[in-house]
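Residue numbers (the working numbering): 8 to 464. Structure record follows, encoded as structure tokens.
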């Protein structure tokens, strides 16, 4: 914007200067020419009274010498009965030009070597005399170069001044706009304290006011959302207390122990949600070098938990790729929550007896976790990935898949839904180990092709 304003001002000022300076320069040149010929006419007029009084050669030579330089003026007298034609001074004009002025009886100018001459006719009793006044070329351009130099300097000063003023105005306009852009970037990066100074032109000042008001509303909405999440989570404490009391009365046995462990874990998750909402701390990827967890260990732990329910429902299950540690840059609790969400979907949305599997594939730059089942599959994977939409069945909110997606994207990876080798749904979680988006992996593409590539790894 700044340079565009400078260029526009430069172009407009240049056109204005040219439009005024060129005609003015031509006028100055014409005025110098008119001045030179006016002086020549005055010199010729000074000789005319003497010509009407006498035609004596000596007297006329003295008159010519007193009126001007003898090298610049000449007098051509007509012939009379007593003598022939008389020429005084140096003749520069051609005889035909002198004869034409004598015949027409009006002044004329003609070009000669080094300048031009003014031929002024004077009526005498014996005929018409012609006074020739030489006008050098330097006289017709006297002062023109200086005037043009002054005009050029003034025009250049106007152009430079207008560019300087336009640049200052551009800075005054661009600086608030740049601060507004920087504030928008900071707000987009999660810096909720970003604000913009409310100064500059009226339009940009109003934009800054609107931006600051929007940022305040965003902060307020996020605060309200955190409070709402904390309040809703706190309401779960009452039914959890009832579940814990009922679980305590179940007595001994593996099922009772698993129920009490599940209730205790649920209470811990609710406490974490409340604490996170109150403190407004993100719970995605663990920070710092060496942080993260062993994906193989977490998968084994969660499969051990879900295996009891799988045996009760007659489901066949399989785990692969957990023979050795697999480090990923994800917090242990977050990975466990993601696995529970996906495995819970398998048990919730497939019939009893449906088989499922969990595979872990480790590569140099990424770790892929595949959760497959032999159920009916998902007709619209894109709709299932949309937050809050779910699969359309009862009890599906779509938040589980969204939690998994955000966890994968926090590492630079992604989540895709496709068809599994078991015949049902396959959810592929791609954890990027170096924090960069995988090269050549667009947001769209063949899910089945990607699944085959992941399996081949």
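Quick reminder that beta carbons are idealized off the backbone N, C-alpha and C, glycines included.
Counting the other CB atoms within 10 Å of its CB gives residue 38 a total below 16, which places it among the exposed residues.
Under the 8 Å Cβ criterion, the region 45 to 61 counts as touching the region 122 to 142, having at least three qualifying pairs. Listed in chain order, the non-local C-beta contacts of residue 334 below 7 Å within the same chain comprise 299, 301, local neighbours out to five positions each way being set aside. Under the Cβ criterion (8 Å, minimum of three pairs), the region 107 to 123 counts as touching the region 142 to 161. Excluding the 5 residues flanking it on each side, residue 326 has same chain C-beta neighbours closer than 6 Å at 310, 365, in chain order. Minimum Cα-Cα distance from residue 195 among the listed residues 226, 181, 205, 180 corresponds to 226. For residue 385, the three-state secondary structure derived from DSSP is coil. In the three-state reduction of the DSSP assignment, residue 46 falls in the helix class, which pools H, G and I. Boundaries around residue 82 are those of the beta strand (DSSP E), 80 to 84, since no alpha helix (DSSP H) includes it. For the set 425, 430, 426, 441, the Cα lying nearest the Cα of residue 417 is the one of 441. Counting C-beta atoms within 10 angstroms of its own C-beta, residue 359 has fewer than 16 neighbours from the protein chains shown and is therefore classed as exposed. Taken in chain order, the unbroken stretches of alpha helix (DSSP H) that lie wholly in the region 116 to 190 and span 4 residues or more are 144 to 147.
When the Cα atoms are used, residue 306 and residue 255 turn out to be separated by approximately 28 Å. The Cβ atoms of residue 350 and residue 411 lie no closer than 8 Å to each other. Closest in alpha carbon position to residue 372, among 389, 162, 336, is 336. Closest in alpha carbon position to residue 99, among 167, 32, 119, is 119. Residue environment: residue 392 is assigned as buried (16 or more neighbouring CB atoms within 10 Å of its CB, all protein chains considered).
Within the DSSP bridge table, the entry for residue 368 names 375 as partners.
Contact annotation: residue 215 and residue 246 have beta-carbon atoms that are not nearer than 8 Å.
When the Cα atoms are used, residue 22 and residue 86 turn out to be separated by approximately 60 Å. The beta carbon of residue 262 is closer than 8 Å to those of 315 in its chain, skipping five residues each way along the sequence. Residue pairing by DSSP places residue 16 in no beta bridge whatsoever. Looking only at 97, 96, 83, the smallest Cα-Cα distance to residue 107 is reached by 83.
Excluding five sequence positions before and after residue 250, the CB atoms of its chain that fall closer than 6 Å to its own CB belong to 270, given in chain order. Taking a cut-off of 8 Å for Cβ pairs, the region 55 to 69 and the region 191 to 208 do not touch, as fewer than three such pairs fall below it.
Scanning its chain for C-beta atoms nearer than 8 Å, with the 5 sequence neighbours on each side dropped, one finds around residue 429 the residues 362, 363, 364, 379, 380, 381, in chain order. Close CB contacts of residue 208 within its chain, under the 8 Å cut and outside five residues either way in sequence, are with 179, 180, 183 (chain order). Judged by their CB atoms, residue 137 and residue 97 are not nearer to each other than the 8 Å cut-off. Per DSSP, the continuous beta strand (DSSP E) segment holding residue 325 begins and ends at 324 to 327. Straight-line measurement puts the Cα of residue 368 at about 36 Å from the Cα of residue 233. Separation of the CB atoms of residue 437 and residue 375 is rounded to 6 Å, and the pair is thereby assigned contact status at 8 Å. Taking the CA atoms as reference points, residue 354 sits about 9 Å from residue 313. In this structure, the straight-line span from the alpha carbon of residue 188 to that of residue 11 is close to 18 Å.
Residue 175 counts as exposed, since fewer than 16 other C-beta atoms from the protein chains shown sit within 10 angstroms of its C-beta. Secondary structure of residue 422 (DSSP, three-state): strand.
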